[in-house]
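Residue 199 in numbering that gives the first Met the number 0 sits at position 200 of the first sequence, with consecutive numbering throughout.
Even for Gly, the Cβ is constructed at its ideal location relative to N, Cα and C.
Written below as structure tokens is the structure these notes are about.
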Amino acid sequence: MDKISITLPNGKKRSVHRGTPVNQTVKEIFPDIYPLIIAAVLDNEIVDLSTSIEKDTTLNVLTSKEEGGLKIFWHSASHIMAQAVKSLYPETILGIGPAISNGFYYDFFLNDSITETNLLQIEKRMKEIIKEDIPFVKRILPKDEAFQLFEEKGERFKLELIQDIPGDTITIYENGDFFDLCRGPHVPSTGYIKYFQLLSVAGAYWRGDERNAVMQRIYGVAYTEEKALKEDIQAREEAQKRDHRRLGKELDLFSFHPEGPGFPFWHPNGVILYNEINQYMREVLQRKNYFEIKTPLILNEALWHQSGHWDNYKSNMYFTDIDDQSYAVKPMNCPGGLLIYKNSAHSYREFPLKYSEMGMVHRHEKSGVLHGLFRVRQFTQDDAHVFCTPDQVEEEIIKIIDLIDEIYHTFKFENFLIELSTRPNKSIGTAKMWNMAEKALTNALEYKKLTYQINKGEGAFYGPKIDYHIQDSIGRMWQCGTIQVDFSMPDRFDLEYVGPDGDKHRPVMIHRAILGSVERFIGILIEHFGGAFPVWLAPVQCVVLPISEKVHDYAHQVLNHIQKSQIRSVLDIRNEKIGYKIREAEIKKVPYMCIIGEKEKNNKNISVRKRSEGSTGQTALSSLITEIRDQIKRRMHY
RNA sequence: GCCGGUGUAGCUCAGCUGGCCAGAGCAGCUGAUUUGUAAUCAGCGGGUCAGGGGUUCGAAUCCCUUCACCGGCUCCA
Numbered sequence: 000m001d002k003i004s005i006t007l008p009n010g011k012k013r014s015v016h017r018g019t020p021v022n023q024t025v026k027e028i029f030p031d032i033y034p035l036i037i038a039a040v041l042d043n044e045i046v047d048l049s050t051s052i053e054k055d056t057t058l059n060v061l062t063s064k065e066e067g068g069l070k071i072f073w074h075s076a077s078h079i080m081a082q083a084v085k086s087l088y089p090e091t092i093l094g095i096g097p098a099i100s101n102g103f104y105y106d107f108f109l110n111d112s113i114t115e116t117n118l119l120q121i122e123k124r125m126k127e128i129i130k131e132d133i134p135f136v137k138r139i140l141p142k143d144e145a146f147q148l149f150e151e152k153g154e155r156f157k158l159e160l161i162q163d164i165p166g167d168t169i170t171i172y173e174n175g176d177f178f179d180l181c182r183g184p185h186v187p188s189t190g191y192i193k194y195f196q197l198l199s200v201a202g203a204y205w206r207g208d209e210r211n212a213v214m215q216r217i218y219g220v221a222y223t224e225e226k227a228l229k230e231d232i233q234a235r236e237e238a239q240k241r242d243h244r245r246l247g248k249e250l251d252l253f254s255f256h257p258e259g260p261g262f263p264f265w266h267p268n269g270v271i272l273y274n275e276i277n278q279y280m281r282e283v284l285q286r287k288n289y290f291e292i293k294t295p296l297i298l299n300e301a302l303w304h305q306s307g308h309w310d311n312y313k314s315n316m317y318f319t320d321i322d323d324q325s326y327a328v329k330p331m332n333c334p335g336g337l338l339i340y341k342n343s344a345h346s347y348r349e350f351p352l353k354y355s356e357m358g359m360v361h362r363h364e365k366s367g368v369l370h371g372l373f374r375v376r377q378f379t380q381d382d383a384h385v386f387c388t389p390d391q392v393e394e395e396i397i398k399i400i401d402l403i404d405e406i407y408h409t410f411k412f413e414n415f416l417i418e419l420s421t422r423p424n425k426s427i428g429t430a431k432m433w434n435m436a437e438k439a440l441t442n443a444l445e446y447k448k449l450t451y452q453i454n455k456g457e458g459a460f461y462g463p464k465i466d467y468h469i470q471d472s473i474g475r476m477w478q479c480g481t482i483q484v485d486f487s488m489p490d491r492f493d494l495e496y497v498g499p500d501g502d503k504h505r506p507v508m509i510h511r512a513i514l515g516s517v518e519r520f521i522g523i524l525i526e527h528f529g530g531a532f533p534v535w536l537a538p539v540q541c542v543v544l545p546i547s548e549k550v551h552d553y554a555h556q557v558l559n560h561i562q563k564s565q566i567r568s569v570l571d572i573r574n575e576k577i578g579y580k581i582r583e584a585e586i587k588k589v590p591y592m593c594i595i596g597e598k599e600k601n602n603k604n605i606s607v608r609k610r611s612e613g614s615t616g617q618t619a620l621s622s623l624i625t626e627i628r629d630q631i632k633r634r635m636h637y
């Protein structure tokens, strides 16, 4: 028998017989971690451990510690779940069951409805399957044979999938009497899935299309170690504790009411956040030479025909009549802004001309997608439109990138993911314009040495764009900022400027939003900070806590000083023990507590306690005020 | 919009296999206590059981319906 050569991760070579199963080799090379190994990597291709090695190759292995390994692990868990469901509900027709970023799911079509209580039974059946330690066996079948196999089982969704798969062969994976269409790879046997938990059930359309059948989706997660599963469940609970809907209630920031589904009601504490953010944005934009504008909420329908929203966005718009004329509530700010631009003649000397608008827009979202502040029907965009010459585009994009960077850092977002979306199939504008704009965006990103991902063909029909995703303190990504070049609006509104040659030219228009929706951004901030806002944003920045009634007079004086220093502060003169008042201030996440007893009164000073840090001892009132003022002024992260 | 679930006091929840006046904790109010760094004690008030309709001698509980909210609705075998 002939020998072949295997190159190991450390560069060493080893020769084995052709056709040796990879698991045998892996067992010899990685004896200590062998039980944790889920799959092998031959020449950068992830394969089952049962695969035979047929040619010279490099060899590496994957455990559930690596993302790739974990995905395989989850995918195998989803097969086991499908097997369990199929055995409990034999009439089940299978959909798809992939691993996703934080676990796995499987879609089932069945007449019985699965509820959360059924999950326990399914888990129990899964445990039995895992205990039996059934091997996952890969089989490669001719397409027609596979088709027949699934047809006999009545697996109509699988038939659809098979038809869409290119090539002549199909792979399936069997474990015991269960088999499933699957590209693989898988863990060697069901016994590998040691610790798992089913999380939730939900409805989902087949292939995500509402015209298709409704499937029942079960979500779950699995790990090789109990500790990892526990940590995952704990992280999910932690995320729930930070849920902005819950904190919004607890901190009395906002509410929703049946009288206006999707329309947030801002309470006094929430308005403070809202106003502080707006004020900060105004300060920055003024420094960057933006001019703030404000345009009406309701504008004549004709404008929306001209802008193209009537054709492309009508189903998301609200309409009303005024004096027998049809009007629309604005879903976007640009058309109004363009009327201001067109109100006067413009010269290249004014460029770049930057109009910013904290514009309140209304968009009709389907009732089922509303979600706290994250998905609402009324929100405020931190919108801006930059009018410039084609030569200025790149430089303007760079300036916007710098601006975005500055603003995100102020809110303690340190990691971003940037996407560049290029020309889609259906688009307007000439190839020359698109090339110019895409090049300007690319050059700007390259100039700033930013890493970005290209989404080919994902741009808007009217121009290419850059999207920003920000990472919050518990690792989740949120799409917020966007920079879009627009070829459509300047044409539709016949925008002009007079160039140095004295002729009229068409300006380039750049849309950009940094926070995106202020409402949604506040929701993200609430979860990012877990309600413990930096001092400059905190609705109450300092609470004065007198220990007994004997010092109320002094406490009032202290409060007075603090308030005069423009620090948002309150006095808690309730007839309660100091521990009680402190506890409440901690729960309300007030950053500074100013504690006053007879000692402080006699010493003419105060005691300071910082949120979640504890007592920092007695100090002069003036030094506390200076510290807080400094935090506010510099908008420190605390 | 669709699928599934939930809706009881300001908040968190119990009661829900139909039948004593619908309960608890927290919050609120009143009083006592005058307090030293995450909950002092006692008393009091508070609910059209989401809205509407039905079944029944009798409905928070069963059925229908409307509304709102929650989990989701391709991260592609």
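- Assigned with DSSP and collapsed to three states, Ala39 falls in strand.
- Under the rule that a run must span 3 or more residues, the beta strand (DSSP E) segments found entirely inside the segment 524–607 read 541–545, 568–570, 591–595.
- Thr409 sits in a helix when the DSSP states are folded into three classes.
- According to the DSSP assignment, Ser622 belongs to no beta strand (DSSP E) but to the alpha helix (DSSP H) extending over 620–632.
- Excluding the 5 residues flanking it on each side, Asp493 has no same chain C-beta neighbour closer than 7 Å.
- Residue range 194–204 is occupied by the beta strand (DSSP E) that includes Tyr194.
- The segment 137–155 and the segment 121–128 do not touch, with fewer than 3 CB-CB distances between them shorter than 8 Å.
- Your pair Asn101 and Pro134 does not check out as a contact, with CB atoms roughly 27 Å apart and the cut at 8 Å.
- Less than 8 Å divides the Cβ of Leu620 from the Cβ of His560.
- In the three-state DSSP reduction, Thr615 falls in the strand class (E or B).
- Around the beta carbon of Pro533, 16 or more other beta carbons sit within 10 angstroms, so the residue counts as buried.
- Buried is the label assigned to Tyr340, since at least 16 other Cβ atoms lie within 10 Å of its Cβ.
- Rounded to the nearest whole angstrom, the CA to CA distance from Lys448 to His74 is 37 Å.
- By the neighbour-count criterion, in which a residue is buried when 16 or more other Cβ atoms sit within 10 angstroms of its Cβ, Gly202 is exposed.
- Note on geometry: alpha-carbon atoms of His551 and Val270 lie some 30 Å from one another.
- The alpha-carbon separation between Gly458 and Lys503 amounts to approximately 29 Å.
- Within its own chain, the residues whose Cβ lies closer than 7 Å to the Cβ of Pro330, once the five positions on either side in sequence are excluded, are His308, Tyr312, Asn315, Met316, Val360, His361, Arg362, listed in chain order.
- The C-alpha of Tyr33 is placed about 6 Å away from the C-alpha of Lys26.
- Contact between the segment 510–525 and the segment 373–389 is present: three or more C-beta pairs spanning the two stretches fall below 8 Å.
- Lys549 is positioned such that its CB atom lies closer than 8 Å to that of Glu597.
- Thr441 has no beta-bridge partner at all, per DSSP.
- The alpha-carbon of Ile605 is positioned some 10 Å away from that of Met592.
- If you draw a straight line from the Cα of Ala537 to the Cα of Met635, it is about 12 Å long.
- DSSP places Cys387 in the uninterrupted beta strand (DSSP E) bounded by 377–387.
- Bounds of the beta strand (DSSP E) holding Val15 are 12–16.
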